[in-house]
Amino acid sequence: MSLKTRNKDGILIFDIDGDDLATFKDDLRIIIEEAAKKTNKIIINLKELQNINSHLIGVISSSKRMLSGLHGDLVVINASEKIQNIFKVVHLDKIIKITTSESEAVSYLKKI
């Protein structure tokens, strides 16, 4: 698994790639917590991710709560149909904005 970070208009974007999620979850949680000290707007790009597990779902969910508490938000982009279905099953789609476009996510977060 690899993680690339980018900044676009003050919004931090995490591009997640790979499938070794179990060993990566704690690192991602720490990285997002550190990033939240600088920005309260984060995009998680799942374009290259084929599978998701409960650990990563937990990281995304807890990160959303943390950023909301900082008057910010988290948006997931480019999730595969399989991952979107998993989000629906666990009702994550009800609390986290999911889009297919980075520009849509950036536009949404700029309004916050």
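In our numbering, the protein residues as written are 25 to 136.
Cβ coordinates follow ideal geometry from the N, Cα and C atoms, glycine included.
Under DSSP, F38 forms a beta bridge with T29 and I68.
Assignment of beta-bridge partners to K121 by DSSP yields V99. Taking I56 as the centre and dropping the five residues before and after it, the same chain places the C-beta of F38, I66, V83, S87 and M90 closer than 8 Å to its C-beta, in chain order. Membership of A129 in the alpha helix (DSSP H) is indicated by the continuous run E126 to K134. Straight through space, the alpha carbons of D33 and F111 are spaced by roughly 27 Å.
For L94, the secondary structure class from DSSP, reduced to helix, strand or coil, is coil.
Put simply, of S85, K134 and A103 the residue whose alpha carbon is nearest the alpha carbon of H115 is S85.
For G96, the closest of I136, N69 and K62 by C-alpha to C-alpha distance is I136. In the same chain as L98, and ignoring 5 residues on each side of it, the C-beta atoms closer than 6 Å to its own belong to I66, S87, K88 and L91, in chain order.
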